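Numbering (the numbering used here), first residue to last: 481 to 683. From the three backbone atoms N, C-alpha and C, an ideal C-beta is built for every residue, glycine too. All figures in this text were calculated on a predicted structure; none of them were measured in a lab.
Structure, rendered in structure tokens:
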């Protein structure tokens with residue numbers, strides 16, 4: 481058996497990390513689906529690398545979550561039902577992300593209008609996935625008595641797919657309207673050359 485306090489504390493940290501990661505994945509993927517049609521190469525790449533059939537996250541994330549669940553089952557007092565630790569609340573985060581992202585605009589002939597560009601929002605969320613994934617992986621590794629044998633392979637698979645998505649998104653057209661709006665907003669507080677410098681640094 482794991483020591484109750486050490487295990488329960490670390491399991492809760494891993495759950496918190498999973499919730500943060502789930503939220504970022506859900507928002508990123510929902511936003512990409514609003515910006516690209518299903519047939520577009522960018523969306524297809526995102527669906528194949530940063531999504532999944534369960535909770536809209538890649539399979540590698542579930543491998544880590546299952547290992548965390550197994551460790552929680554060995555714990556005398558994990559703090560809640562071990563099988564709910566990495567599942568409860570995930571569906572709501574996905575629903576919230578879809579509401580947050582909205583829907584594609586519709587033309588007069590009821591055809592969805594997709595910008596087919598990536599904005600600073602998606603770029604930020606993509607970077608956030610990287611940092612949140614690292615936090616989640618570290619939190620799972622730190623759970624006492626967790627079986628780590630499947631984890632290195634799953635982690636390597638995750639980062640391989642992340643790099644594929646990164647390469648695809650790097651080739652994506654940028655949302656110039658978003659850059660213009662951000663420049664105008666900054667220009668209300670800063671001289672135009674300085675506002676343009678800040679935006680060039682961000683994008």
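Per-residue DSSP class, three states only, for residue i
i, result
"residue 685", "This structure cannot speak to residue 685, because the chain is shown only from 481 to 683."
"residue 592", "strand"
"residue 537", "coil"
"residue 586", "strand"
Nearest-angstrom Cα separation, counted from residue j out to residue i
i, j, result
"residue 509", "residue 602", "9 Å"
"residue 544", "residue 588", "46 Å"
"residue 519", "residue 610", "26 Å"
"residue 490", "residue 500", "15 Å"
"residue 675", "residue 633", "Note that residue 675 has pLDDT 48, beneath the 50 cutoff, so the model's placement of it is unreliable and no number is given."
"residue 606", "residue 617", "17 Å"
"residue 530", "residue 549", "22 Å"
"residue 624", "residue 541", "19 Å"
"residue 524", "residue 555", "40 Å"
"residue 598", "residue 564", "35 Å"
Burial state of residue i, where buried means 16 or more other Cβ atoms lie within 10 Å
i, result
"residue 638", "buried"
"residue 709", "Outside the shown range of the chain, which is 481 to 683, sits residue 709, and nothing can be said about it."
"residue 496", "exposed"
"residue 534", "exposed"
"residue 539", "exposed"
"residue 681", "Only weak support is given to the placement of residue 681: the predicted model assigns it a pLDDT of 45, under 50, and the value that follows is read from those uncertain coordinates. Exposed is the call here."
"residue 487", "buried"
"residue 551", "buried"
"residue 626", "buried"
"residue 591", "exposed"
"residue 579", "exposed"
"residue 696", "Residue 696 lies beyond the range of the chain shown here (481 to 683); nothing can be said about it."
"residue 547", "buried"
Same chain, Cβ closer than 6 Å to residue i, five either side skipped, listed in chain order
i, result
"residue 537", "505"
"residue 517", "594"
"residue 644", "529"
Any non-hydrogen atom of the ligand GDP within 8 Å of residue i CB
i, result
"residue 491", "No copy of the ligand GDP occurs in the structure displayed, which carries no ligand at all."
Integer-rounded CB distance, given that residue j should sit under 8 Å from residue i
i, j, result
"residue 581", "residue 526", "Between residue 526 and residue 581 the Cβ distance is about 13 Å, and since that is not below 8 Å, they are no contact."
"residue 574", "residue 494", "Incorrect: roughly 19 Å between the Cβ atoms, too far for contact."
"residue 507", "residue 577", "5 Å"
Other residues of its chain near residue i: CB distance less than 8 Å, five sequence neighbours each side excluded
i, result
"residue 615", "497, 500 and 501"
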